[in-house]
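In this note's numbering, the protein residues as written are 2 to 140.
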C-alpha cells in the first residue's frame, strides 16, 4: 500500500541501487544495514578533512528529526545549502516522497559526514563546497 511505501525508510536502498548501477561495491554493509542511513558512515572512505569536506557525487549522511538520511551531493544552492539527490525525500512539487534533488543544511551536527568509494581520488575541481556547481531547481 502507499502507506507502507511512505513509512519505509528507503533512502539507503536508493544509494545502494545507484552505486550498484555504476558497479561500485557497497561492501561491507549488509542488506539490513543498507536501509539504515547512519550505517553509510561505515562505507567507503571519508572525504578530505576526516569526511567533512564536500565532494561532488559523494554520499552525504544527515541527522534528522526522525533519525537519519543519506543521499548524493549534486551541488549547492545559491543560498548556501547542499543540493542532495536522494530517495524517500520531499518532492519539489510537494507530492509524496520519491527521488528528488532537495536542499539540506550543512550545519555541523546535522550533516554527519561525506563518504566516497575506497580508492577514489576526486579531482580537486570537485572538492570543497565552493567548487560545487550551483543547482537551483530539481530537474
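From the three backbone atoms N, C-alpha and C, an ideal C-beta is built for every residue, glycine too.
Test item: CB-CB of residue i and residue j under 7 Å
i, j, result
"residue 84", "residue 72", "no"
"residue 15", "residue 64", "no"
"residue 117", "residue 56", "yes"
"residue 1", "residue 13", "Summary: the structure shown does not reach residue 1, with the chain confined to residues 2 through 140, and so no result is reported for it."
"residue 78", "residue 104", "yes"
"residue 81", "residue 11", "no"
Terminal residues of the alpha helix (DSSP H) in which residue i lies
i, result
"residue 121", "Where residue 121 is concerned, there is no enclosing alpha helix (DSSP H), given that its DSSP letter is neither H nor E."
"residue 39", "Segment: none, residue 39 is in no alpha helix (DSSP H) and carries neither H nor E."
Those residues which DSSP pairs with residue i across a bridge
i, result
"residue 116", "47 and 60"
"residue 82", "DSSP, once it has assigned bridges, lists no residue as partnering residue 82."
"residue 109", "112"
Span of the beta strand (DSSP E), counted from its first residue to its last, around residue i
i, result
"residue 101", "99–105"
"residue 95", "No beta strand (DSSP E) contains residue 95, which DSSP labels as neither H nor E."
"residue 136", "Counting along the chain, residue 136 falls outside any beta strand (DSSP E), and DSSP gives it neither H nor E."
"residue 74", "68–77"
Any non-hydrogen atom of the ligand NAP within 6 Å of residue i CB
i, result
"residue 117", "Annotation note on the ligand NAP: not contained in the displayed structure, which lists no ligands."
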